[in-house]
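Novice:
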Amino acid sequence: MRFDRLIKALLPRDDTFFTHFEKSTQYLIDACGLLRRLADSKPQDRPAIADQIHDLEHKCDMVTHQVFASLNATFVTPFDREDVHVLASALDDVMDYLDGSAGRFVLYKIKDCPKDMLNLIEILTSSVKEIHKGVVLVRDLDRPEMLQETLKKVNEYENKADAAFEQAIADLFENEKDPIQVIKLKEIYVGLETATDKCEDAANVLESILIKHA
Numbered sequence: 006m007r008f009d010r011l012i013k014a015l016l017p018r019d020d021t022f023f024t025h026f027e028k029s030t031q032y033l034i035d036a037c038g039l040l041r042r043l044a045d046s047k048p049q050d051r052p053a054i055a056d057q058i059h060d061l062e063h064k065c066d067m068v069t070h071q072v073f074a075s076l077n078a079t080f081v082t083p084f085d086r087e088d089v090h091v092l093a094s095a096l097d098d099v100m101d102y103l104d105g106s107a108g109r110f111v112l113y114k115i116k117d118c119p120k121d122m123l124n125l126i127e128i129l130t131s132s133v134k135e136i137h138k139g140v141v142l143v144r145d146l147d148r149p150e151m152l153q154e155t156l157k158k159v160n161e162y163e164n165k166a167d168a169a170f171e172q173a174i175a176d177l178f179e180n181e182k183d184p185i186q187v188i189k190l191k192e193i194y195v196g197l198e199t200a201t202d203k204c205e206d207a208a209n210v211l212e213s214i215l216i217k218h219a
């Protein structure tokens, strides 16, 4: 064991950061559930659901600020300070793009949610759930194989999202004759696909933590 790791092992353990990350990912899971509800709901019900997602975005922002404040106030962190910062930022980014997609869905008055969009929402939801598992597993790195499997799934979902996004855009250009509607839907597709990319960014940080503590 390296000397710096030995010192950390002897110092009191602070679970604050783990709690913050788990709270953020739970907010993401809740937001994904609401996003699916929004897509399936009647147009008149959508603004209220989008507002609920926006409230979760505010809560996630508050957790992110708490993480940064804790970084400034804590001498010993459970893993590298840079990893703490990047992980918090990546989770916040996922929520931002998710919230943005929901907001545009309402703002642009999308009548019906295309099946390709539903597919992207499902992929994003699956990826978010794996990220939540990952931040829970990083509390106990004595089970690296479980975390590795979770990170592998996130990567697979990101690849699926890329393929689903390309198919969605191809279908959009093929079947939608209204150029304004093409622009509206394409922006939402980009937001959902980018949210999945940010999930992979979070997974990359978890992988970095795993490697450093192997």
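Each number in our numbering corresponds to the 1-based position in the sequence shown with 5 added. Ideal Cβ positions, reconstructed from N, Cα and C, are used throughout, including at glycine.
Can you list, in chain order, the stretches of the alpha helix (DSSP H) that have 4 or more residues and sit fully within the segment 61–124?
Specialist: Counting only runs of 4 or more, we get 86–112.
Novice: Assuming contact is defined by CB atoms lying nearer than 8 Å, are threonine 199 and tyrosine 162 in contact in what I supplied?
Specialist: No, the Cβ-Cβ distance between threonine 199 and tyrosine 162 is not below 8 Å.
Novice: For phenylalanine 26, which residues of its own chain have a beta-carbon under 6 Å away from its beta-carbon, when the five flanking residues on both sides are left out?
Specialist: The residues are Val140.
Novice: Measuring only the C-alpha atoms, how far is aspartate 35 from leucine 197?
Specialist: Straight-line Cα distance between these residues: approximately 16 Å.
Novice: Let me check understanding here. Comparing Cα to Cα, which of Lys114, Lys120, Leu92 lies closest to asparagine 180?
Specialist: The shortest Cα separation from asparagine 180 among Lys114, Lys120, Leu92 belongs to Lys120.
Novice: Measure the CB-CB distance between leucine 40 and glutamine 57 and report whether it falls below 8 Å.
Specialist: Not in contact: leucine 40 and glutamine 57 (Cβ atoms no closer than 8 Å).
Novice: Taking the continuous alpha helix (DSSP H) assigned at aspartate 202, which residues delimit it?
Specialist: It spans 184–217 - the alpha helix (DSSP H) in which aspartate 202 sits, taken as one unbroken run.
Novice: Could you compute how far the alpha carbon of threonine 30 sits from the alpha carbon of serine 75?
Specialist: Going from the Cα of threonine 30 to the Cα of serine 75 covers about 18 Å.
Novice: Return the first residue and the last residue of the alpha helix (DSSP H) that valine 2 is part of.
Specialist: Any answer about residue 2 is impossible in this case: the structure gives the chain only from 6 up to 219.
Novice: Under 8 Å, do arginine 109 and isoleucine 193 count as touching if we go by C-beta distance?
Specialist: Yes. Within cutoff.
Novice: Count Cβ pairs between the segment 150–168 and the segment 129–140 that sit closer than 8 Å; are there 3 or more?
Specialist: A contact exists between the segment 150–168 and the segment 129–140.
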